[in-house]
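Peer 1: Submitted below is the structure of interest, expressed as structure tokens.
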Amino acid sequence: MRHGKKFNHLGRQTAHRKAMLANMACSLIEHKRINTTVAKAKALKQFVEPMITKSKTDTTHNRRIVMAKLRQKDVVAELFRDVAPKIGDRPGGYTRIIKLGNRLGDNADMAMIELVDYNEIYNIGKVEKKTTRRSRRGGVKPVAPPVDAKATNEEEE
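Each residue of the sequence shown is one higher than the last, beginning at 1 in this note's numbering.
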């Protein structure tokens, strides 16, 4: 039974799974899109999106956290130097999974995972506009100054 198991183990031991996801994340950052199975793409999305969020603030601590997971210095440098400024205003959802059909050899469900801001096909007709996140309650409403009772009586007469 798999009660309480939050992520897909992908049929691998822990060390193999971590190494595989680190290598796939490095390939994704380097090439901006990769083809893989749907299950691996979903697992990779959960693995790489927190790294991209960390890269939005370029501090030594964040670089060390990302380096501990990715383990390739040139890819970490590219993530902080090139990818982070391009997705800096996006509040999340840095990757997109597009299903491609089944693989010929073993009929596995295939998918392409890509970084959203690097796809020219989807972004060609869109105008760059910055949206802000607003609360549902709205802002503070201006309070009207208190009305003086004597002033209103004098105006009526």
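We put the beta carbon where it would ideally sit given N, CA and C, even for glycine.
#1: What are the boundary residues of the alpha helix (DSSP H) that includes K54?
#2: Between the Cα of G93 and the Cα atoms of L100, M51 and A77, which residue gives the shortest distance?
#3: Could you tell me the distance, in whole angstroms, from the CA atom of F7 to the CA atom of R103?
#4: How many whole angstroms separate the CB atoms of K56 and G88, which I take to be in contact at a CB cut-off of 8 Å?
#5: What does the alpha-carbon distance come out to for the pair M110 and K45?
#6: Under the DSSP definition of a beta bridge, which residues are partnered with R33?
#7: DSSP three-state label for I65, please.
#8: With a threshold of 6 Å on Cβ separation, who are the neighbours of R96 within its own chain once the five nearest residues in sequence on each side are excluded?
#9: Can you name, in chain order, every residue of its own chain whose Cβ lies under 8 Å from the Cβ of S27, other than the five neighbours on each side?
#10: Expressed to the nearest angstrom, what Euclidean distance is found between the alpha-carbon atoms of M112 and K99?
#11: Near V76, which residues of its chain fall below 8 Å by C-beta distance, leaving aside the five closest residues on each side in sequence?
#12: Using the Cα positions of K54 and K86, report the straight-line distance between them to the nearest angstrom.
#13: Does K73 pass the burial test, meaning 16 or more other C-beta atoms within 10 Å, or should it be called exposed?
#14: In whole angstroms, what separates the C-alpha of D106 from that of T36?
#15: Would you decide whether K5 is buried or exposed? Buried here means 16 or more other CB atoms lie within 10 Å of its CB.
Peer 2: Well, looking at it:
#1: One-based indexing of the sequence shown puts residue 54 at position 54. Where K54 is concerned, the enclosing alpha helix (DSSP H) stretches over V38 to S55.
#2: Reading the sequence shown from its first residue, position 93 is the one you call residue 93. It is M51 whose Cα lies nearest to the Cα of G93.
#3: Here residue 7 refers to the residue found at position 7 when the sequence shown is read from its first residue. Here residue 103 refers to the residue found at position 103 when the sequence shown is read from its first residue. So the two alpha carbons sit approximately 24 Å from each other.
#4: The count along the sequence shown starts at 1 and reaches residue 56 at position 56. The count along the sequence shown starts at 1 and reaches residue 88 at position 88. About 6 Å; that satisfies the 8 Å criterion.
#5: Residue numbering aside, residue 110 sits at position 110 when the sequence shown is read from its first letter. Residue numbering aside, residue 45 sits at position 45 when the sequence shown is read from its first letter. A straight-line Cα-Cα distance of about 15 Å links M110 and K45.
#6: Here the question's residue 33 lines up with position 33 in the sequence shown. Residue pairing by DSSP places R33 opposite E114 in a beta bridge.
#7: As a position in the sequence shown, residue 65 is number 65, starting the count at 1. DSSP places I65 within a helical segment (H, G or I) once states are collapsed to three.
#8: Indexing the sequence shown from 1 puts residue 96 at position 96. Its chain contains E114 and V116 as the residues whose beta carbon lies nearer than 6 Å to that of R96, once the 5 sequence neighbours on both sides are disregarded; these appear in chain order.
#9: Position 27 of the sequence shown, counted from the first residue, corresponds to residue 27. Excluding five sequence positions before and after S27, the CB atoms of its chain that fall closer than 8 Å to its own CB belong to I34, given in chain order.
#10: Position 112 of the sequence shown holds residue 112. Position 99 of the sequence shown holds residue 99. In this structure, the CA atom of M112 is about 6 Å from the CA atom of K99.
#11: By 1-based counting over the sequence shown, the position of residue 76 is 76. If the five residues before and after V76 are omitted, its C-beta is found closer than 8 Å to the C-beta atoms of R63, V66, M67 and L70, all from its own chain and listed in chain order.
#12: On the sequence shown, residue 54 is found 54 positions in, with the first residue counted as 1. On the sequence shown, residue 86 is found 86 positions in, with the first residue counted as 1. The straight-line gap from Cα to Cα measures roughly 14 Å.
#13: By one-based count along the sequence shown, residue 73 stands at place 73. Residue environment for K73: exposed (fewer than 16 other C-beta atoms within 10 angstroms of its C-beta).
#14: One-based indexing of the sequence shown puts residue 106 at position 106. One-based indexing of the sequence shown puts residue 36 at position 36. One Cα belongs to D106, the other to T36, and the distance between them is close to 13 Å.
#15: As a working note, residue 5 is residue 5 in the sequence shown. K5 is exposed by the Cβ-count criterion.
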